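My numbering puts the first residue of the sequence shown at 9, with every later residue one more than the last.
C-beta atoms are modelled at their ideal positions from N, C-alpha and C, and glycine is treated no differently.
Quick caveat: nothing in here was measured; it's all calculated off a predicted structure.
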Amino acid sequence: MTKPLLPSGSTPLELAAAEALADAMTLPVPLRTLTNPDTCPVNLLPYLAWALSVDRWDQDWSESTKRKVIKASWYIHKHKGTIGALRRVVEPLGYLIEVIEWFQQKPAAPRGTFRLRVGVLDTGITDAMYQELERMIDDAKPLTRHLVGLAISLEARGQVTIAAGVYLGDHLTIYPYVPSLVEVTGKTGSGGSIHIIDTLTIAGRQ
């Protein structure tokens with residue numbers, strides 16, 4: 009062990025710290041792993057989110073949602089004030105978003121306004137989440153745009169089985185046999201004859 013470089017007048021705390029941290033340089037520090045949202049240990053994700061200035065964090069999120077939010081943070085901060093940032097804010101939370109700007113509405117809405125349709129799939133949404141969603145959208149939207157409508161739609165997905173059947177049948181009625189009439193054709197002829205008889209009586213002379 010090398011001789012410490014502390015001055016002779018060091019306090020006991022400084023001496024104890026130097027002794028405890030003597031082997032600190034030999035400890036592995038996997039910075040690439042710790043700063044990557046895909047490989048960072050789950051228990052360290054909140055600290056990575058803080059380091060990357062994630063605007064909203066909830067410990068109740070699933071692990072995949074936490075990693076998606078951290079990955080989207082850099083893009084959101086770079087593109088804040090754009091429609092793309094709005095989508096990146098909402099979609100990692102499992103929501104679907106449709107932005108309808110003033111010129112896309114019929115009839116056209118007041119200039120500089122927009123509406124949002126947010127689909128919450130089958131996860132549902134609480135009042136607290138709704139309020140937080142409004143805050144996040146307001147933080148990411150362009151300053152020249154004003155939100156005038158926020159519609160929440162619940163979409164449930166499931167498996168539906170559709171089947172069809174065909175039933176075919178014939179009715180057959182059998183009656184007793186009835187012979188048909190037999191027609192015979194031919195030629196007929198008519199004939200006639202006359203039979204004449206004369207009777208001659210010869211008597212003797214008297």
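Quick check: what's the CA-CA separation for Phe-111 versus Leu-94? 18 Å
Among the candidates Arg-153, Val-126, Pro-20, whose CA atom is the shortest distance from the CA of Ala-117? Arg-153
Excluding the 5 residues flanking Thr-47 on each side, which residues of the same chain have their C-beta closer than 7 Å to its C-beta? Thr-41
Taking C-beta to C-beta, are Ala-80 and Arg-96 nearer than 8 Å? yes
For Leu-155, name the three-state secondary structure that DSSP assigns. strand
Given this structure, state the Cα-to-Cα distance separating Leu-104 from Phe-122, to the nearest angstrom. 16 Å
If I measure Cβ to Cβ from Gly-89 and keep anything under 8 Å in the same chain, skipping five residues before and after, which residues do I get? Ala-148, Lys-149, Pro-150, Leu-151
What would DSSP say about Gly-200, mapped onto helix, strand or coil? coil
Do the CB positions of Leu-176 and Ile-145 come within less than 8 Å of each other? no
By alpha-carbon positions, which one of Val-77, Ala-32, Thr-34, Met-33 ends up nearest to Pro-54? Val-77
Could you round the C-beta distance between Leu-14 and Leu-21 to whole angstroms and report it? I think they count as a contact, below 8 Å. About 11 Å; that fails the 8 Å criterion.
Gly-127 by DSSP, collapsed to three states: which one? strand
Identify every residue that forms a DSSP beta bridge with Ile-108. Arg-123
With DSSP run on the structure shown, which of helix, strand or coil describes Ser-61? coil
Beta-carbon gap between Ile-133 and Ile-91 smaller than 8 Å: no
Looking only at C-alpha atoms, which of Leu-35, Val-126, Thr-169, Arg-75 sits nearest to Asn-51? Arg-75
Which residues in the same chain as Glu-109 place their Cβ atom closer than 6 Å to its Cβ, once the five residues preceding and following it in sequence are excluded? Phe-122
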